[in-house]
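Asker: For the numbering used here, count along the sequence shown from 1 and bump the result up by 413.
First the structure, then my questions, so here it is.
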Amino acid sequence: MSIFTIGMNHRTAPIALREQLYFASDRLGLYLQDLLQRGLVREAVLLSTCNRSELYCEADDLPPLLDWFCAQTVLPRTEVEPLLYRYENEAAITHLMNVACGLDSMVLGEPQILGQLKTAYAESCSASAVDASFHRLFQSVFNVAKEIRTTTQIGACPVSVASAAVHFVKQQGVALSQASIVLLGAGDTSALLMRYLSAVVKTPVHIVNRSLEAALALAQAFHASAHPLNALSTVLSNADVVFSATGSALPMMTRSLIENVMKARHGKPLMLIDLAVPRDIETAVSEVPGVSLYCIDDLVAIIDKHKQGREHAADKANDLIHQRANDFLKGEQAHETVTHTIRAYRGHIEAICNREMDKARDQLQSGVDPELVLDYFAKAYTSKLLHSPSVQLRQAGVEGRFELLDYAKQLFSIPDPELG
Numbered sequence: 414m415s416i417f418t419i420g421m422n423h424r425t426a427p428i429a430l431r432e433q434l435y436f437a438s439d440r441l442g443l444y445l446q447d448l449l450q451r452g453l454v455r456e457a458v459l460l461s462t463c464n465r466s467e468l469y470c471e472a473d474d475l476p477p478l479l480d481w482f483c484a485q486t487v488l489p490r491t492e493v494e495p496l497l498y499r500y501e502n503e504a505a506i507t508h509l510m511n512v513a514c515g516l517d518s519m520v521l522g523e524p525q526i527l528g529q530l531k532t533a534y535a536e537s538c539s540a541s542a543v544d545a546s547f548h549r550l551f552q553s554v555f556n557v558a559k560e561i562r563t564t565t566q567i568g569a570c571p572v573s574v575a576s577a578a579v580h581f582v583k584q585q586g587v588a589l590s591q592a593s594i595v596l597l598g599a600g601d602t603s604a605l606l607m608r609y610l611s612a613v614v615k616t617p618v619h620i621v622n623r624s625l626e627a628a629l630a631l632a633q634a635f636h637a638s639a640h641p642l643n644a645l646s647t648v649l650s651n652a653d654v655v656f657s658a659t660g661s662a663l664p665m666m667t668r669s670l671i672e673n674v675m676k677a678r679h680g681k682p683l684m685l686i687d688l689a690v691p692r693d694i695e696t697a698v699s700e701v702p703g704v705s706l707y708c709i710d711d712l713v714a715i716i717d718k719h720k721q722g723r724e725h726a727a728d729k730a731n732d733l734i735h736q737r738a739n740d741f742l743k744g745e746q747a748h749e750t751v752t753h754t755i756r757a758y759r760g761h762i763e764a765i766c767n768r769e770m771d772k773a774r775d776q777l778q779s780g781v782d783p784e785l786v787l788d789y790f791a792k793a794y795t796s797k798l799l800h801s802p803s804v805q806l807r808q809a810g811v812e813g814r815f816e817l818l819d820y821a822k823q824l825f826s827i828p829d830p831e832l833g
């Protein structure tokens, strides 16, 4: 068994391809069950965010996993496979730890990915796709992430995709303080956006969401206004900037919708910032006159600027991750050796017991007194159990290897003889 990571992220693929290979959160259990039922994995965790889709698993072989991964998209395999990275054992664990710590994120050191990874792990536990090995692995990963947050400066002045999006809009010359802002979605990213926007926007932000209850909850927290999804066209008619971050598998804003909205706006420009993967806004919307459409990949310049000054912290974090990944593998190898030894010893003892039991049954069937049979069984079983250890301990004494005698006392809980 090996630990594998297969994935695609913002470094290997543009958003147009990333959104074609995405594991929807409400279907993670189905994907995991498919992997288990096919016998492809023993344990598995699937992670999909705006910047990555990855499979972490314990399995026998990589090629069948690669086949399965490529089959989860309608894109030709020849187009998908070159964009995928594959890691095994220490490299796979190192990558997973990098992801958890935000070192592999578009926004270096961003903390949201750890929460997303914990959610993915919890989903796998619910789907019975996690056993003892991955439980140990992910607890180690979460501990490393915490250690790096507290011992390095990687989390200083935290930046997120949400904060980068707000900075990006400012760079485009938009006066956010007086702008009419619309948020499509009421999830974690929208909550982060509200934190940044509330500090600069003077007028109430309009939150539009499929679940009005969720929109109201977020709106109340930030003194914004909430609207149901069927009010989207009306809300857009007066907007200056729209941030979209839903979990929808299908576009929430089509070209026809925006064309109708722009007619009602009489030429007033509209800026759309799409932070979702898969994208919430059809790419054809960018062709509508008066509309400026941006996606998450357009924020790279802002994000790169905020990376400056964190490289040293990232180097320190990477050194720590490599050490912890190596420690985990050594621990797993030791655990496997101990488990194998215990099983072998148990099998050896049970084999001795079974042989003596067979002899005892034969004696009982021959009419031997049961008391004598039990007495013989106890003596024979004890003698055979003690024979090999006694020989080894005597030999250790002859050779002066007295540490083996001390180990034997610990192993068999032998008390020291009373003096006096």
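Here a beta-carbon is modelled for each residue, glycine too, at the ideal position from N, C-alpha and C.
Just so it is clear, the structure is predicted and the values come from calculations on it, not from any experiment.
Buried or exposed for P489, going by 16 or more other Cβ atoms inside 10 Å?
Answerer: Here residue 489 refers to the residue found at position 76 of the sequence shown. Answer is exposed; the Cβ neighbour count stays below 16.
Asker: Can you tell which of S576, K743, D653 and A697 has the C-alpha that lies nearest to the C-alpha of S590?
Answerer: Start at 1 with the first residue of the sequence shown, and residue 590 comes out as number 177. Checking every option, the nearest Cα to that of S590 belongs to D653.
Asker: Going along the chain, which residues of its own chain have a beta-carbon closer than 8 Å to the beta-carbon of G833, five neighbours each way excluded?
Answerer: Residue numbering aside, residue 833 sits at position 420 when the sequence shown is read from its first letter. Residue placement at G833 cannot be trusted, given a pLDDT of 44 that sits under 50; the coordinates are not used to answer.
Asker: Out of curiosity, what's the CA-to-CA distance linking H619 and D711?
Answerer: Reading the sequence shown from its first residue, position 206 is the one you call residue 619. Reading the sequence shown from its first residue, position 298 is the one you call residue 711. For H619 and D711, the distance between alpha carbons rounds to 24 Å.
Asker: Among the candidates V554, A540 and I709, whose CA atom is the shortest distance from the CA of L530?
Answerer: Here residue 530 is taken as the residue at index 117 of the sequence shown, counted from 1. Considering only alpha carbons, the answer is V554.
Asker: With 16 other CB atoms within 10 Å as the buried threshold, where does V751 fall?
Answerer: By 1-based counting over the sequence shown, the position of residue 751 is 338. Exposed, since its Cβ has fewer than 16 Cβ neighbours within 10 Å.
Asker: Let me know the alpha helix (DSSP H) ranges lying completely inside the region 522-553, each 4 residues or longer, listed in chain order.
Answerer: With a minimum length of 4 residues, the continuous alpha helix (DSSP H) runs that stay inside the region 522-553 are 525-539.
Asker: Can you give the beta carbon distance from Y609 to V582, rounded, assuming they're within the 8 Å contact cut?
Answerer: For the purposes of this step, residue 609 is taken as the residue at position 196 of the sequence shown. For the purposes of this step, residue 582 is taken as the residue at position 169 of the sequence shown. 10 Å between Cβ atoms; not a contact.
Asker: What separation, rounded to the nearest whole angstrom, lies between the Cα atoms of G528 and E456?
Answerer: Taking the sequence shown and counting its residues from 1, one reaches residue 528 at position 115. Taking the sequence shown and counting its residues from 1, one reaches residue 456 at position 43. The alpha-carbon atoms of G528 and E456 are separated by roughly 20 Å.
Asker: When the Cβ atoms of the region 634-653 are set against those of the region 672-690, are three or more pairs found closer than 8 Å?
Answerer: Judged by Cβ distances under 8 Å, the region 634-653 makes contact with the region 672-690, as three or more pairs qualify.
Asker: Given this structure, state the Cα-to-Cα distance separating I755 from Q525, to the nearest angstrom.
Answerer: Position 342 of the sequence shown, counted from the first residue, corresponds to residue 755. Position 112 of the sequence shown, counted from the first residue, corresponds to residue 525. Cα to Cα, I755 sits roughly 42 Å from Q525.
Asker: For S705, I'd like the list of residues in its chain whose CB is within less than 6 Å of its CB, leaving aside the five on either flank, ordered along the chain.
Answerer: Position 292 of the sequence shown, counted from the start, is the residue given in the question as residue 705. If we look at S705 and ignore the five residues flanking it on each side, its Cβ neighbours are M684.
Asker: What's the C-alpha gap between T462 and L509?
Answerer: Position 49 of the sequence shown, counted from the start, is the residue given in the question as residue 462. Position 96 of the sequence shown, counted from the start, is the residue given in the question as residue 509. Cα to Cα, the separation comes out at about 14 Å.
Asker: Assuming S573 and E523 make a contact with CB atoms under 8 Å, what is their CB distance in whole Å?
Answerer: Stepping through the sequence shown from its first residue, residue 573 is reached at position 160. Stepping through the sequence shown from its first residue, residue 523 is reached at position 110. About 5 Å separates the two Cβ atoms, so the contact holds.
Asker: Within this structure, are the beta carbons of V408 and E432 separated by less than 8 Å?
Answerer: Look at the range of the chain in this structure, 414 to 833, and you will see that residue 408 is not part of it.
Asker: How would you label P664, buried or exposed, when you count the other beta carbons within 10 angstroms and need 16 or more for buried?
Answerer: Residue 664 sits at position 251 when you count from the first residue of the sequence shown. P664 should be labelled buried.
Asker: Would you grab the beta carbon distance between L445 and S537 for me? Rounded to a whole angstrom, and I think it's under 8 Å.
Answerer: In the sequence shown, counting from the first residue as 1, residue 445 sits at position 32. In the sequence shown, counting from the first residue as 1, residue 537 sits at position 124. The Cβ separation is near 6 Å, so the contact holds.
Asker: What is the DSSP secondary structure of Y707, counted as helix, strand or coil?
Answerer: Here residue 707 refers to the residue found at position 294 when the sequence shown is read from its first residue. Strand at Y707.
Asker: For Y498, write down the residues that DSSP places opposite it in a beta bridge.
Answerer: Along the sequence shown, read from residue 1 onward, the residue named residue 498 stands at position 85. The partner list for Y498 (beta bridge, DSSP) reads G420.
Asker: Tell me the residue span of the alpha helix (DSSP H) that contains R490.
Answerer: If you number the sequence shown from 1, residue 490 lands on position 77. Run containing R490: R490 to V493, per the alpha helix (DSSP H) assignment.
Asker: Got a sec? Which residues, its chain only, sit under 6 Å from P830 by beta carbon, not counting five neighbours each side?
Answerer: What you label residue 830 is simply residue 417 of the sequence shown in a count that begins at 1. No residues qualify anywhere along the chain.
Asker: Just grab the DSSP bridge partners of F656 for me.
Answerer: For the purposes of this step, residue 656 is taken as the residue at position 243 of the sequence shown. DSSP, once it has assigned bridges, lists L596 and I686 as partnering F656.
Asker: Pull up the distance between the alpha-carbon of T532 and that of A592, whole angstroms please.
Answerer: Taking the first residue of the sequence shown as position 1, residue 532 is located at position 119. Taking the first residue of the sequence shown as position 1, residue 592 is located at position 179. Those two C-alpha atoms are separated by around 35 Å.
Asker: Taking three-plus beta-carbon pairs below 8 Å as touching, is the region 549-563 in contact with the region 599-614?
Answerer: Contact between the region 549-563 and the region 599-614 is absent, because fewer than three Cβ pairs lie under 8 Å.
Asker: So the candidates are V674, V701 and K729; which of them puts its Cα closest to the Cα of L645?
Answerer: Position 232 of the sequence shown, counted from the first residue, corresponds to residue 645. Considering only alpha carbons, the answer is V674.
Asker: Ignore the nearest five residues each way along the sequence and tell me which others in A697's own chain have a CB closer than 6 Å to its CB.
Answerer: Residue 697 sits at position 284 when you count from the first residue of the sequence shown. Only R668 meet the Cβ criterion.
Asker: By DSSP, does I506 sit in helix, in strand, or in coil?
Answerer: Position 93 of the sequence shown, counted from the start, is the residue given in the question as residue 506. Helix.
Asker: Under a Cβ-count criterion, where at least 16 other Cβ atoms within 10 Å of its own Cβ denotes burial, should R807 be classed as buried or exposed?
Answerer: In the sequence shown, residue 807 corresponds to position 394, counting from 1. R807 comes out exposed.
Asker: What does the Cβ neighbour count give for A429, buried or exposed, with the cut at 16 atoms within 10 Å?
Answerer: Looking up residue 429 in the sequence shown gives position 16. Exposed.
Asker: Are P641 and L625 closer than 8 Å when you measure CB to CB?
Answerer: Looking up residue 641 in the sequence shown gives position 228. Looking up residue 625 in the sequence shown gives position 212. Yes; because the gap between Cβ atoms is below 8 Å, this pair is in contact.
Asker: Looking only at its chain, what residues have a beta carbon closer than 6 Å to the beta carbon of S826, apart from the 5 residues adjacent to it on each side?
Answerer: In the sequence shown, counting from the first residue as 1, residue 826 sits at position 413. Result list for S826: empty, nothing under 6 Å.
Asker: Is V579 helix, strand or coil by DSSP?
Answerer: Here residue 579 is taken as the residue at index 166 of the sequence shown, counted from 1. V579: helix per DSSP, three-state reduction.
Asker: State the DSSP-derived secondary structure class of Y469, mapped to helix, strand or coil.
Answerer: Within the sequence shown, the letter at position 56 stands for residue 469. Residue state, collapsed to three classes: strand.
Asker: Find the nearest neighbour of L521 within the set S699, D717 and G660, judged by alpha-carbon distance.
Answerer: Indexing the sequence shown from 1 puts residue 521 at position 108. Comparing Cα positions, the closest option is D717.
Asker: When you compare only the Cα positions, how much space is there between P617 and Y500?
Answerer: Translated into the one-based positions of the sequence shown, residue 617 becomes position 204. Translated into the one-based positions of the sequence shown, residue 500 becomes position 87. The alpha-carbon atoms of P617 and Y500 are separated by roughly 47 Å.
Asker: Which of the three DSSP states is assigned to A484 in this structure?
Answerer: In the sequence shown, counting from the first residue as 1, residue 484 sits at position 71. It is coil, neither helix nor strand.
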